[in-house]
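Heads up: the sequence shown runs through residues -21 to -1, 1 to 288, numbered per mature numbering (1 follows the signal peptide of the UniProt record, and there is no 0).
Glycine included, each C-beta is placed from N, C-alpha and C at the ideal position.
Since we're looking at a predicted model, the values are computed, not measured.
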Amino acid sequence: MNKVVSLCCTLLLMCSSLLRADEAGWALFDRVQLSVKQYNFESSFVVFKGSQVETFRWQHGRKGDNEIEHLVPLDAGGIDILRRDGTVYYFLTDRPALVTTSDSIKELPAILFRDSEQIRKLYTAVLGSSSVMSGHTAQLLRLSANDAGRHSYWLWVEVESGFPLRIDIMSEQQAPLERWLVTHMQISPELPENLQRLLDSELPEPADRQTGAVLPENQLQLGWLPEGYQLVSDPHIVPQLQQSLLSYWLLTDGLHQVSVFVQPSQQMPTQAYRDGATTIYMLSAPQHDITVIGPVSINVAERLAAAVR
């Protein structure tokens, strides 16, 4: 009897320790999300995706109730992106700016901006070791996926400010698929002058959203969804794709999005490859081709394609 009581007490202590560790991890994650929305800062970062390397300058500031964010590519041919509160501007060299509505810039890591409560449903937060990174003391935070087939995240967080210094997107084999690495970061008490000028500038309002394409009625259905994913009820379909699509589904888990396209058969062989953390899987069926694009494992993409009936 005493052994049973002792075992139960040990299990309770272990569960309590794991719960406290998870809470500490999520507390640090909340600091990370707050830091990229709260501070006036200037930073530079590099994105490693496969053999591709891209560099950016990222500035952010707040003044009163206004928030402004500027993302500038440091490589030739990139597009300047500006966000003022809920409006995002893409400044193109050969045509007027493209204006959309969003509370974040989609070219930045989504893990920094999506709803924390939803992310907690998908991941377990575990604190790792500390290290020195670019002259800053960094705490490792591992967000381990609760379901196989969903990528995990490793974040290195500046201890004093909570600012993210590095984010690795990890495969199910715990190998890095993409890396986002800050090379310079400076937090200041005042809004930088160039951001103040951009905040005061007159810029166009977002245009009314164009009506999406309507696909013809057919009997195709998607018979399976990965754990945690839901179908987006009314996904926007670009009119230019209307002629080549038979069916289209957009899935989301609140952090990631996965697209499933069905097109007339081109008699192409089945193919699967990765572009960084994004899987592209193409299944050739007798009557149609199915393409799955999104940040899931190849096994999940294969199962999604096979679920189209």
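query = What three-state label does DSSP hand residue 89 in the structure shown?
reply = As a position in the sequence shown, residue 89 is number 110, starting the count at 1. Three-state DSSP puts residue 89 in a helix.
inquiry  = If you follow the alpha helix (DSSP H) that residue 280 is in, where does it begin and where does it stop?
reply    = The count along the sequence shown starts at 1 and reaches residue 280 at position 301. Segment 277 to 285, the alpha helix (DSSP H) holding residue 280.
Range covered by the alpha helix (DSSP H) that runs through residue 174 = Here the question's residue 174 lines up with position 195 in the sequence shown. Counting along the chain, the alpha helix (DSSP H) containing residue 174 begins and ends at 172 to 179.
inquiry  = Which of the three DSSP states is assigned to residue 253 in this structure?
reply    = Against the sequence shown, residue 253 aligns to sequence position 274. Three-state result, residue 253: strand.
DSSP state of residue 121 mapped onto helix, strand, coil = Here residue 121 is taken as the residue at index 142 of the sequence shown, counted from 1. The answer is strand: DSSP assigns residue 121 an E or B state.
query = Out of 39, 182, 232, which has the shortest C-alpha to C-alpha gap to residue 169?
reply = For this step, residue 169 is matched to residue 190 along the sequence shown. That would be 39, whose Cα lies nearest to the Cα of residue 169.
ask   = From the DSSP output, which residues share a beta bridge with residue 316?
value = What is shown of the chain runs -21 to 288, which leaves residue 316 out entirely.
key: Euclidean distance between Cα positions of residue 4 and residue 141   = Here residue 4 refers to the residue found at position 25 of the sequence shown. Here residue 141 refers to the residue found at position 162 of the sequence shown. About 12 Å.
request  = Run the CB neighbour count on residue 111, radius 10 Å, all protein chains shown included, and call it buried at 16 or more, exposed below.
outcome  = Indexing the sequence shown from 1 puts residue 111 at position 132. Exposed, by the Cβ-count rule.
key: Distance between beta carbons of residue 197 and residue 226, contact taken as under 8 Å   = Indexing the sequence shown from 1 puts residue 226 at position 247. Indexing the sequence shown from 1 puts residue 197 at position 218. With a Cβ gap of about 6 Å, residue 226 and residue 197 count as contacting.
query = So the alpha helix (DSSP H) residue 97 belongs to, where does it begin and stop?
reply = On the sequence shown, position 118 is the one that residue 97 refers to. Note, residue 97: alpha helix (DSSP H), 95 to 101.
Reduced DSSP category for residue 48 - H, G, I as helix; E, B as strand; rest coil = Along the sequence shown, read from residue 1 onward, the residue named residue 48 stands at position 69. Three-state DSSP puts residue 48 in a strand.
key: For residue 98 and residue 50, believed in contact at Cβ under 8 Å, the rounded distance   = Here residue 50 refers to the residue found at position 71 of the sequence shown. Here residue 98 refers to the residue found at position 119 of the sequence shown. In fact, because the Cβ distance is near 22 Å, the residues do not count as touching under 8 Å.
request  = Determine the burial state of residue 135: buried for a count of at least 16 other Cβ atoms within 10 Å of its Cβ, exposed for fewer.
outcome  = By 1-based counting over the sequence shown, the position of residue 135 is 156. By the 10 Å Cβ count, residue 135 comes out buried.
message = Taking a contact to mean a Cβ-Cβ separation below 8 Å, would you say residue 291 touches residue 280 in this structure?
response = In the structure displayed, the chain extends from -21 to 288; residue 291 sits before or after that span and is not available.
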